[in-house]
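For reference, each letter of the sequence shown is one residue, going 1 to 357 in the UniProt record's numbering.
Take a look at the structure below.
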Amino acid sequence: MNPKEIVIVINPGSTSTKIALYNRSELVNEHIIRHSQKELDQFHKVTDQFEYRYQMVEAGLDKMLSEKDVIVVGIVGRGGIVKPLEGGTYTISNSFLEDARTGSFGDHASNLGSMLADKLAKHFNLDESFTVDPVSAGNIWEKARISGVPGIERNRRGHPLNMKMTARKIAKQQNIPFEEAKYVIAHLGGGISIAAVDGGKIADVNDALMGMGPFSPNRAGALPTRGVMDLCYSMPRKEVETLLSKNSGLKAYLGVDDLRDVFKLIDEGNEKAQLIYDAFVYQIAKEIGAYHVALKCKANGIIITGGIAYSERFISDLKEYVSDLTDFFVYPGENEMEALAEGAFRVIDGIESALKY
1 MNPKEIVIVI NPGSTSTKIA LYNRSELVNE HIIRHSQKEL DQFHKVTDQF
51 EYRYQMVEAG LDKMLSEKDV IVVGIVGRGG IVKPLEGGTY TISNSFLEDA
101 RTGSFGDHAS NLGSMLADKL AKHFNLDESF TVDPVSAGNI WEKARISGVP
151 GIERNRRGHP LNMKMTARKI AKQQNIPFEE AKYVIAHLGG GISIAAVDGG
201 KIADVNDALM GMGPFSPNRA GALPTRGVMD LCYSMPRKEV ETLLSKNSGL
251 KAYLGVDDLR DVFKLIDEGN EKAQLIYDAF VYQIAKEIGA YHVALKCKAN
301 GIIITGGIAY SERFISDLKE YVSDLTDFFV YPGENEMEAL AEGAFRVIDG
351 IESALKY
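Here it is as structure tokens:
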């Protein structure tokens, strides 16, 4: 295969847009575009930022490509919050773009990924563009969707892109076929998602954005229903959504949402900080234990990933709860860019067929 062939990878975040060039074996070039909050505040919805970001992405790519002797064979963008769908690599269609653009299932920066990839494909005269394991992706067990109230289904939104990529790496390390692997994976960052991976597929996961699982640095997690009802009757819906998804968790209790700042408070003797941190670890451990049981206690391993996994102090505290359950792995950070590139190449090279939305 031609080593000059590359895919362009686009990953929009809340205040940044990552762009990268990958060939089949490695990263060729990368660039991170930073967006000031003041500039972003002028837009009503996240997807209203499309043209603003696209101009910067196109300019950045032109510079990156001028520095390398490469052939663009594919464009792949991070998938956003769309309707629930199975995991895999998807061709970006008009219906996918419409759901991403309107934010029908959630307004999130990742919704811009498919929009940017689609327009870039046209710019490079490519017939199609791709997205891999969107936020809503998962082969969720039907029994996991039941809420207890007919008409209300449990939401399943996590970090499937990083989770599945990390699981592939650990399965290879353990010499287990990915299609037979069973893992409990905890992606710990600004949002927290904990999943049961069964047969290489995400079979169950909490809602990392709102309403299920442990609280995160700035999100509420699962809450007592009566308390949520009181909030909903005392505040406008939008304010409740903002509170639960952006201004809760460590941030609400302690005024900081960086674990390093929490440790600083604890080391200064702040007893409240110690209590909230203990609850943070405790809730994450309980959720991991629940998903281990969901896999009938047959998980090949517990995998901790995401930005918080860089904290040796946190990992040490978490291991006191869960490390005796099964093999324990720590894989810090996120592998989203690499995962997007690999997913696109699997389709381009005919290893997998692209799914339709």
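Glycine included, every Cβ here is placed at the ideal spot set by N, Cα and C.
Original post:
Roughly how many angstroms separate the alpha carbons of LEU65 and SER193, rounded to a whole number?
Top reply: By 1-based counting over the sequence shown, the position of residue 65 is 65. By 1-based counting over the sequence shown, the position of residue 193 is 193. The straight-line gap from Cα to Cα measures roughly 35 Å.
**OP:** Could you check how far apart the C-beta atoms of SER147 and PRO84 are, in whole angstroms? I think they sit under 8 Å.
**Re:** One-based indexing of the sequence shown puts residue 147 at position 147. One-based indexing of the sequence shown puts residue 84 at position 84. Actually they do not touch by this definition, with Cβ atoms about 14 Å apart.
Original post:
Start and end of the beta strand (DSSP E) containing ASP204?
Top reply: By one-based count along the sequence shown, residue 204 stands at place 204. Element bounds for ASP204: 201-205.
**OP:** Quickly, what does DSSP pair VAL9 with across the bridge? List them, please.
**Re:** For the purposes of this step, residue 9 is taken as residue 9 along the sequence shown, with counting starting at 1. Answer is ALA20, VAL76.
Original post:
What's the gap between the Cα of ALA196 and the Cα of GLU67?
Top reply: Position 196 of the sequence shown, counted from the first residue, corresponds to residue 196. Position 67 of the sequence shown, counted from the first residue, corresponds to residue 67. The straight-line gap from Cα to Cα measures roughly 42 Å.
Subject >> According to DSSP, residues forming a beta bridge with ARG196 >> reply: As a working mapping, residue 196 is identified with position 196 in the sequence shown. The displayed chain sequence assigns Ala, not Arg, to residue 196. Paired residue(s): VAL184, ASP204.
**OP:** Take THR166 as the anchor and find which of LYS356, PRO332, GLU352 has the nearest alpha-carbon.
**Re:** Taking the sequence shown and counting its residues from 1, the one referred to as residue 166 is at position 166. Answer by Cα proximity: PRO332.
Subject >> the segment 112-120 / the segment 156-172 touching (three or more Cβ pairs under 8 Å) >> reply: no
Subject >> Bounding residues of the alpha helix (DSSP H) (the contiguous stretch that carries PHE345) >> reply: In the sequence shown, the residue the question calls residue 345 occupies position 345. Run containing PHE345: 336-348, per the alpha helix (DSSP H) assignment.
Original post:
According to the neighbour-count rule (16 or more other Cβ atoms, all chains shown, within 10 Å of its Cβ), is TYR277 buried or exposed?
Top reply: As a working mapping, residue 277 is identified with position 277 in the sequence shown. The residue in question, TYR277, is buried, as its Cβ has 16 or more Cβ neighbours within 10 Å.
Original post:
For the 8 Å Cβ check, are there 3 or more pairs between the segment 279-290 and the segment 315-331?
Top reply: yes
Subject >> Where the beta strand (DSSP E) through PHE328 begins and ends >> reply: Along the sequence shown, one-based indexing puts residue 328 at 328. Where PHE328 is concerned, the enclosing beta strand (DSSP E) stretches over 328-332.
Subject >> Selection from HIS292, LEU120, ALA220, LYS164 that minimises the alpha carbon distance to GLY87 >> reply: Translated into positions along the sequence shown, residue 87 becomes position 87. GLY87 has its Cα closest to that of LYS164, out of HIS292, LEU120, ALA220, LYS164.
Subject >> Whether residue 358 touches ALA273 by CB criterion (7 Å) >> reply: This structure cannot speak to residue 358, because the chain is shown only from 1 to 357.
Subject >> C-alpha gap between ILE75 and LEU275, whole angstroms >> reply: The residue labelled residue 75 in the question sits at position 75 within the sequence shown. The residue labelled residue 275 in the question sits at position 275 within the sequence shown. Roughly 46 Å separates the two Cα atoms.
Original post:
Apart from the five residues just before and just after GLY77, which ones in its own chain have a Cβ nearer than 6 Å to its Cβ?
Top reply: Position 77 of the sequence shown, counting from 1, holds the residue named residue 77. Here the set comprises ILE10, GLY113, SER114, LEU116, ALA117, THR131.
**OP:** Within the same chain, show all residues whose beta-carbon is closer than 6 Å to that of PHE178, passing over the 5 residues directly before and after it, in chain order.
**Re:** Here residue 178 refers to the residue found at position 178 of the sequence shown. Counting only Cβ-Cβ distances below 6 Å, and skipping sequence neighbours, we find ARG168, ALA171, GLY200.
Original post:
Should HIS108 go down as buried or exposed, given a rule of 16 or more other Cβ atoms within 10 Å for buried?
Top reply: Position 108 of the sequence shown holds residue 108. HIS108 should be labelled buried.
**OP:** Can you check DSSP and say which residues form a bridge with PHE130?
**Re:** Counting from 1 along the sequence shown, the entry for residue 130 is found at position 130. In the DSSP output, where bridge partners are listed per residue, PHE130 has VAL76, THR91.
Original post:
Does the distance from the CB of GLY213 to the CB of GLY221 come in under 7 Å?
Top reply: In the sequence shown, counting from the first residue as 1, residue 213 sits at position 213. In the sequence shown, counting from the first residue as 1, residue 221 sits at position 221. Yes, the pair counts as a contact, with Cβ atoms nearer than the cut-off.
Subject >> Spatial neighbours of LEU97 in its chain, beta-carbon cut-off 7 Å, leaving aside the 5 residues before and after >> reply: Here residue 97 corresponds to residue number 97 of the sequence shown, with the count starting at 1. Result list for LEU97: SER114, MET115, ASP118, in chain order.
**OP:** Could you tell me how far apart the beta carbons of LEU259 and ILE308 are, in whole angstroms, since I believe they sit closer than 8 Å?
**Re:** Here residue 259 corresponds to residue number 259 of the sequence shown, with the count starting at 1. Here residue 308 corresponds to residue number 308 of the sequence shown, with the count starting at 1. The pair is a contact, with the Cβ atoms about 6 Å apart (cut-off 8 Å).
Subject >> Spatial distance of residue 379 from HIS35 (CA atoms) >> reply: In the structure displayed, the chain extends from 1 to 357; residue 379 sits before or after that span and is not available.
Subject >> Among LYS298, ASP69, GLU334, nearest to LYS182 - alpha-carbon criterion >> reply: Residue 182 sits at position 182 when you count from the first residue of the sequence shown. Per the Cα distances, LYS298.
Original post:
In chain order, what residues of the same chain have a beta carbon less than 8 Å from the beta carbon of ARG346, not counting five sequence neighbours either side?
Top reply: For the purposes of this step, residue 346 is identified with residue 346 of the sequence shown, where counting begins at 1. Excluding residues within five positions, the ones whose Cβ falls inside 8 Å are THR89, GLU352.
Original post:
Of the residues ASN175, ASP198, GLY190, which one's Cα is nearest the Cα of VAL184?
Top reply: Position 184 of the sequence shown holds residue 184. Comparing Cα positions, the closest option is ASP198.
Subject >> As assigned by DSSP and simplified to three states, the class of ILE308 >> reply: As a working note, residue 308 is residue 308 in the sequence shown. Helix, per DSSP.
**OP:** Would you mind sorting GLN49 into buried or exposed? The rule is 16 or more other CB atoms within 10 Å of its CB.
**Re:** The residue you call residue 49 lines up with position 49 of the sequence shown. The residue is buried, with at least 16 neighbouring Cβ atoms inside 10 Å.
Original post:
Is the beta carbon of VAL205 less than 7 Å from the beta carbon of PHE124?
Top reply: The residue labelled residue 205 in the question sits at position 205 within the sequence shown. The residue labelled residue 124 in the question sits at position 124 within the sequence shown. For VAL205 and PHE124, no; Cβs fall outside 7 Å.
Original post:
Under the three-state reduction of DSSP, which class applies to LEU355: helix, strand or coil?
Top reply: As a position in the sequence shown, residue 355 is number 355, starting the count at 1. The answer is strand: DSSP assigns LEU355 an E or B state.
Original post:
According to DSSP, what are the bridge partners of GLY269?
Top reply: Here residue 269 refers to the residue found at position 269 when the sequence shown is read from its first residue. Paired residue(s): none; GLY269 is not in a bridge.
Subject >> Residue nearest to PHE328 in terms of C-alpha spacing, selected from ILE152, GLU336, THR305 >> reply: Within the sequence shown, numbered from 1, the residue matching residue 328 stands at position 328. The candidate whose alpha carbon is nearest that of PHE328 is THR305.
Subject >> Supposed close pair ALA354, VAL7 - CB separation, criterion 8 Å >> reply: Numbered from 1 along the sequence shown, position 354 holds the residue referred to as residue 354. Numbered from 1 along the sequence shown, position 7 holds the residue referred to as residue 7. Incorrect: roughly 13 Å between the Cβ atoms, too far for contact.
Original post:
Is ARG34 helix, strand or coil by DSSP?
Top reply: By one-based count along the sequence shown, residue 34 stands at place 34. If DSSP states are grouped into helix, strand and coil, ARG34 belongs with the strands.
Original post:
Taking just the CA atoms, how far does LYS264 sit from LEU126?
Top reply: Counting from 1 along the sequence shown, the entry for residue 126 is found at position 126. Counting from 1 along the sequence shown, the entry for residue 264 is found at position 264. C-alpha separation (whole angstroms): 51 Å.
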